Each structure stands twice: as structure tokens, then as C-alpha cells.
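Have a look at the structure below, then the notes.
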Amino acid sequence: MGSSSYKAKQMIVMRRDLKMRKGKIAAQAGHACVEATLMALAREGRLDEVRVLKDEDGAPSWVALDHPESDHTPLSDWFDAGVAKVCVYVDSEEELLDLAAKGRELGFIVALIRDAGFTEFHGEPTYTCLAFEPLSAEEIDPLTGKLPLY
6 MGSSSYKAKQ MIVMRRDLKM RKGKIAAQAG HACVEATLMA LAREGRLDEV
56 RVLKDEDGAP SWVALDHPES DHTPLSDWFD AGVAKVCVYV DSEEELLDLA
106 AKGRELGFIV ALIRDAGFTE FHGEPTYTCL AFEPLSAEEI DPLTGKLPLY
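Counting with my numbering, you get residues 6 to 155 for the letters of the sequence shown.
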């Protein structure tokens, strides 16, 4: 994949070796994305800056992060640019856990998702994916930039 043109993005890493159904993949990636984003907002003390924008009929249509023009972090840049997410894959639990450990060593928030195994995986709790907090391309590309797109 190489470097990206995104100013800030959220990387979601799936385990391809599990051969999950499409719906299961979507659910696991969704869990990871939401968890990592909420943890990043909470860490920065910005939960109260989240706003729901409305369409012309007054119906909720989008979520934005209020912030002063001078306050640009990867998290605010990510919201401003439309919450870019990139899904890549690894081929084993070992690779997934190693990536999570490396991300945490770098100080990144990592939402590592462990499925309970009730609907798949023969009742065995299984690590399925992870998501990093929204980060600048310069921060996350050295860790995930060579992983193939899912």
C-alpha cells in the first residue's frame, strides 16, 4: 500500500485467516472503529466537543468535532476531512497481537477486538481485528503502510 495522501486517517486491521462472513467483518470493524475513536476523544477530553449536524430538514446527518481554528490535532483533522478509514489485513492472530503491541509501545490508542465466539469460532473467544485512533499519515504509515488493503 505504501504512504497515503490522507492528512489523518484511522487504520483498521482485520485478520484474513479467519475467513469471517462479510457481516461479521463489518461488525468487528465497526466495534474497533467506534471504540478507538471514543477512547481518543476521551483521552483528549473532547467528548463535549462532539456535535450532531443536521440536514436541511433538521434530521441528524453527520457528526463533527467543534474546535478552534488554531487547534489542529490528528483527531480534529480526521473529523474535518470526513473520518477517513482504511481497512488492511494480517494473516494471523500473532501478527495482529504484535501490531497492537507495537502501536501501544508508540503511545497510540489501540482498540483490539476479541469476539466472544457465540456466532462463529466454535464458542472460542477470538481476536478478530484492531483499530488505531485517528492518526496522521506520518505517524501510522511506518506501522501499517505496507499492509495490503482488505
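The beta carbon of each residue, even a glycine, is placed where N, CA and C say it ideally should be. Keep in mind it's a predicted model, so treat the numbers as computed, not measured.
Between the CA atoms of Q15 and E74 - distance to the nearest angstrom: Within the sequence shown, the letter at position 69 stands for residue 74. Within the sequence shown, the letter at position 10 stands for residue 15. If I take the Cα positions, the gap works out to 22 Å.
Burial state of S97 (16 or more Cβ within 10 Å): The sequence position of residue 97 within the sequence shown is 92, counting from 1. Answer is exposed; the Cβ neighbour count stays below 16.
Going along the chain, which residues of its own chain have a beta-carbon closer than 7 Å to the beta-carbon of E125, five neighbours each way excluded? Position 120 of the sequence shown, counting from 1, holds the residue named residue 125. Once the five neighbours on either side are set aside, the close Cβ partners of E125 are M25, K29.
Would you be able to state if there are at least three C-beta pairs under 8 Å between the region 79-92 and the region 113-120? no
What did DSSP end up calling F84 once you bin it into helix, strand or coil? Reading the sequence shown from its first residue, position 79 is the one you call residue 84. Note: F84 maps to helix in three-state DSSP.
Classify A64: buried if its beta carbon has 16 or more other beta carbons within 10 angstroms, exposed otherwise. By 1-based counting over the sequence shown, the position of residue 64 is 59. Exposed, by the Cβ-count rule.
DSSP three-state assignment for L117, whether helix, strand or coil: As a first step, residue 117 is located in the sequence shown; it is residue number 112 there, counting from the start. Residue state, collapsed to three classes: strand.
Beta-carbon spacing of P79, L140 below 8 Å: Residue numbering aside, residue 79 sits at position 74 when the sequence shown is read from its first letter. Residue numbering aside, residue 140 sits at position 135 when the sequence shown is read from its first letter. Yes, the Cβ-Cβ distance between P79 and L140 is below 8 Å.
At the level of alpha carbons, what is the spacing between E110 and K59? The count along the sequence shown starts at 1 and reaches residue 110 at position 105. The count along the sequence shown starts at 1 and reaches residue 59 at position 54. E110 and K59: Cα-Cα distance of roughly 39 Å.
Whole-angstrom C-beta distance between E138 and A45, which should lie under 8 Å: Numbered from 1 along the sequence shown, position 40 holds the residue referred to as residue 45. Numbered from 1 along the sequence shown, position 133 holds the residue referred to as residue 138. Contact holds; Cβ gap of about 4 Å.
DSSP bridge partner residues for M19 (one or two, in chain order): Counting from one through the sequence shown, the residue named residue 19 turns up at place 14. Partner(s): Y94, C134.
Contact check, R20 vs C134, beta carbons under 8 Å: For the purposes of this step, residue 20 is identified with residue 15 of the sequence shown, where counting begins at 1. For the purposes of this step, residue 134 is identified with residue 129 of the sequence shown, where counting begins at 1. Contact: yes.
Could you have a look at A64 and say whether DSSP puts it in helix, strand or coil? As a working mapping, residue 64 is identified with position 59 in the sequence shown. Three-state result, A64: coil.
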